[in-house]
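Each residue of the sequence shown is one higher than the one before, starting from 27 at the first, in the working numbering.
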Amino acid sequence: MRLRTLGVQFDRDSYDEGVYWQTLRSLSSGHPLYSSTFYSQPPLFILSVFPVYILGGQTIWAARFGVAIISLLGLVGAFLLGYAVRGRMGGFVALIIGITSQNYLAASQTLQAEGPQVAFSLLAIAFAYLWWQRPNGWKGSLYAALCTLTLVISIACKLFGLTTVVPIALLALAQLWRIFEWPLPRFLDVLRHPQEKNENSIESENAPVRIPRIKAAQSLIVGIAVLLVAALIILLPFLGDFHALWSQVISFHSAAAKVSTRAGNSRTIIDFLLSPLGVAALLGLLIALYRREWLALPLLAWLIASALLLWRQMPLFNHHLVILVPVLLSMSIFAIDEQFINTLRPKTHPLHVEHVNIILNAFQRMGLFVILCTIGLGIGSDVSYYQQMHYQVISKGTQQAIGVSQQLQHILQPGQYVITDAQFVSGLADRNTPPDLVDTSSVHIQTGYLTSQQLITEAQQPQVQAVLFYTGRLSQLHAFHTWVTQHYRLEQNYGKGNQLWVKIN
27 MRLRTLGVQF DRDSYDEGVY WQTLRSLSSG HPLYSSTFYS QPPLFILSVF
77 PVYILGGQTI WAARFGVAII SLLGLVGAFL LGYAVRGRMG GFVALIIGIT
127 SQNYLAASQT LQAEGPQVAF SLLAIAFAYL WWQRPNGWKG SLYAALCTLT
177 LVISIACKLF GLTTVVPIAL LALAQLWRIF EWPLPRFLDV LRHPQEKNEN
227 SIESENAPVR IPRIKAAQSL IVGIAVLLVA ALIILLPFLG DFHALWSQVI
277 SFHSAAAKVS TRAGNSRTII DFLLSPLGVA ALLGLLIALY RREWLALPLL
327 AWLIASALLL WRQMPLFNHH LVILVPVLLS MSIFAIDEQF INTLRPKTHP
377 LHVEHVNIIL NAFQRMGLFV ILCTIGLGIG SDVSYYQQMH YQVISKGTQQ
427 AIGVSQQLQH ILQPGQYVIT DAQFVSGLAD RNTPPDLVDT SSVHIQTGYL
477 TSQQLITEAQ QPQVQAVLFY TGRLSQLHAF HTWVTQHYRL EQNYGKGNQL
527 WVKIN
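Structure (structure tokens):
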């Protein structure tokens, strides 16, 4: 599924893929992140894709293939999470939902940070719930280490991964509650599962053996240690350029929030939550609360944190919504279990079913129905997605962009730069942009991180031999456009302000 249409010659996101592609090209030319190459994300996404990109021949297919490989880890995480919550049945249901999710499929084929970030978030949550089931011994320490390691990797791919801290932190606090045997507030006592056992004792045939508190907390200590060490290892190569990293990853997004608007964010998020997967998640939550399975509450907190983050995100794009997929997927798992599947068989004594079980079974029947609908609609969405890719390939816009790239390749020699707002087109031409101009987005311009003077300075460099106005972004900087008309000659006018200028030597 992920190899199909992987090498299409157009920007799947209309802009971001070109930026990431030029970032990879800049890295392969020896220009490090932040100090030379502008990069507005944490470092690990682009660095994790880079080896596959190099080994695959430095093509857009190779870059996307790196993302596709990482995305498969998310499917492993979905299965492990389902297995931890609902056993083998839950694992397979979660896996199928993950496979058929059109949002996750698109993220898995697109050169963007969201796909890998979601994959590692799913793994982190899966390991967290596996750890909760077995917090002691070497398995508990292993699960805790894997949980915090994948959590750090998720955050280091994209800061959206910070929301994953919420459910993991709640589980860790709950474990401390169990270790120190703090009394549960009365208003929360109803959330305790009737069959809950104390995991901090090892039951033998004769009597339970208490585990010392320091030993019971061993896995927590291991997890925290791995978290700190992993974060240090990731940041260590960039400590010398930490100011540039902070400016591009943190300050840039803070500035972007000031020049953007949240108008429409709420409606976009609500529409996504009202999808079949969102309804399945709601039913799963209701079933879990009805059965007093409070382990669903950290996932609810995760959903709230993710929704708030998206609401605050400015600007909010549709591809950002994929971070809700693992949250809704994990909540929907509670809507089904193997015991319920067994109840669907003919009963010997149907008259003795209790009223409580009737209500629970009704919820679970609805949950199963909605999950099946979600999977069916997901398959249909996947088919439509592939058809859309096919139509985009043969569209007039794609064919024109390919023609422009061929012209650009003919004009520029290898090693010569082009300043452009169509980074994907320059990638198709096998030509680079200046390292600090891999991103010339409208947000970059509106925040003041990209100015006419900066562009003029770059355009005067001997390596820069062409300027391509193609998406309307650079045209916003009128002073730069005027300067180009005075120092470059017009090579081609494509209409609607799209122009190719070549330096006058």
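Even glycine gets a Cβ: it sits at the ideal position worked out from N, Cα and C.
Owing to the predicted nature of the structure, the values given are computational and were not obtained by experimental measurement.
In the DSSP assignment, Trp527 falls outside any alpha helix (DSSP H) and lies within the beta strand (DSSP E) extending over Asn524 to Lys529.
For Val430 against Tyr496, the beta-carbon gap comes to about 7 angstroms, under 8 angstroms, which counts as contact. Here Leu253 has Thr174, Leu175, Leu177 and Val178 as same chain residues with Cβ atoms under 8 angstroms from its own Cβ, once five neighbours each way along the sequence are excluded. A Cβ-Cβ distance of about 6 angstroms is found for the pair Ile86 and Trp47, placing them in contact under the 8 angstroms criterion. Taking Gly187 as reference, the option from Ala361, Ile471 and Ala333 with the minimal CA-CA separation is Ala333.
Looking at the DSSP output, Thr31 sits in no beta bridge, so it has no partner there.
Within the model, the alpha-carbon separation for Gly117 versus Leu106 is close to 6 angstroms.
Taking C-beta atoms under 8 angstroms as the contact rule, Gln390 and Ile428 fail to qualify, at a distance of about 52 angstroms. In the DSSP annotation of this structure, Tyr520 is not part of any alpha helix (DSSP H); the continuous beta strand (DSSP E) holding it starts and ends at Tyr514 to Gly521. Taking 8 angstroms as the upper bound for CB-CB distance, Gln435 and Ala455 are in contact here, some 4 angstroms apart. Using a 10 angstroms sphere on the CB of Arg239, the tally of other CB atoms stays under 16, which defines it as exposed. Remark: fewer than three beta-carbon pairs, one from each stretch, lie closer than 8 angstroms, so the region 265–284 and the region 72–87 are not flagged as touching. With respect to Ala306, Leu354 sits close: the two C-beta atoms are nearer than 9 angstroms. With fewer than 16 other Cβ atoms inside 10 Å of its own Cβ, Phe206 counts as exposed. Judged by DSSP in its simplified three-state form, Ile260 adopts helix.
One thing to note: Leu121 has its Cβ no nearer than 9 angstroms to the Cβ of Leu149. Ranked by Cα distance from Ser61, the options Ile437, Pro460 and Thr466 are led by Pro460.
For Val255, DSSP assigns no beta-bridge partner whatsoever.
Distance from the CA atom of Arg38 to the CA atom of Thr424, rounded to whole angstroms, is 11 angstroms.
Pairing Ser468 with Ser410, the inter-Cα distance amounts to about 30 angstroms. Unbroken alpha helix (DSSP H) runs of no fewer than 4 residues, entirely contained in the region 443–515, are found at 449–454, 468–472, 478–485 and 504–513, following chain order. Around the beta carbon of Ile401, a 10 Å sphere encloses 16 or more other beta carbons of the protein chains shown; the residue is thus reported as buried. Counting along the chain, the unbroken alpha helix (DSSP H) around Ser332 starts and ends at Leu323 to Arg338.
Around the beta carbon of Ile471, 16 or more other beta carbons lie within 10 angstroms, which makes this residue buried. Counting of Cβ neighbours within 10 angstroms places Asn519 among the exposed residues, the total staying below 16. When secondary structure is reduced to three states using DSSP, Thr63 falls in the strand class. Cβ contact annotation for Ile482 (same chain, cutoff 7 angstroms, sequence separation greater than five): Phe506 and Trp509, in chain order. Contact check for Ala243 against Leu197 fails: the beta carbons are separated by 9 angstroms or more.
Excluding its 5 nearest sequence neighbours in each direction, Leu300 has no C-beta neighbour in its own chain below 7 angstroms. In the displayed model, Leu121 falls within a helix according to three-state DSSP. Spatial neighbours of Ala154 in its own chain (CB-CB distance under 6 angstroms, excluding positions within 5 residues in sequence) are listed in chain order as Cys173, Ile194 and Leu197.
Approximately 6 angstroms separates the beta-carbon atoms of Ile260 and Leu70; this is inside 8 angstroms, confirming the contact.
Residue burial is scored here from C-beta neighbours: Arg114 has fewer than 16 other C-beta atoms within 10 angstroms and is therefore classed as exposed.
Taking a cut-off of 8 angstroms for Cβ pairs, the region 126–134 and the region 157–172 do not touch, as fewer than three such pairs fall below it. Contact check for Ser134 and Ala94: beta-carbon distance about 5 angstroms, within the 8 angstroms limit, so the pair qualifies. For Gly83, the closest of Phe395, Ser54 and Phe146 by C-alpha to C-alpha distance is Ser54.
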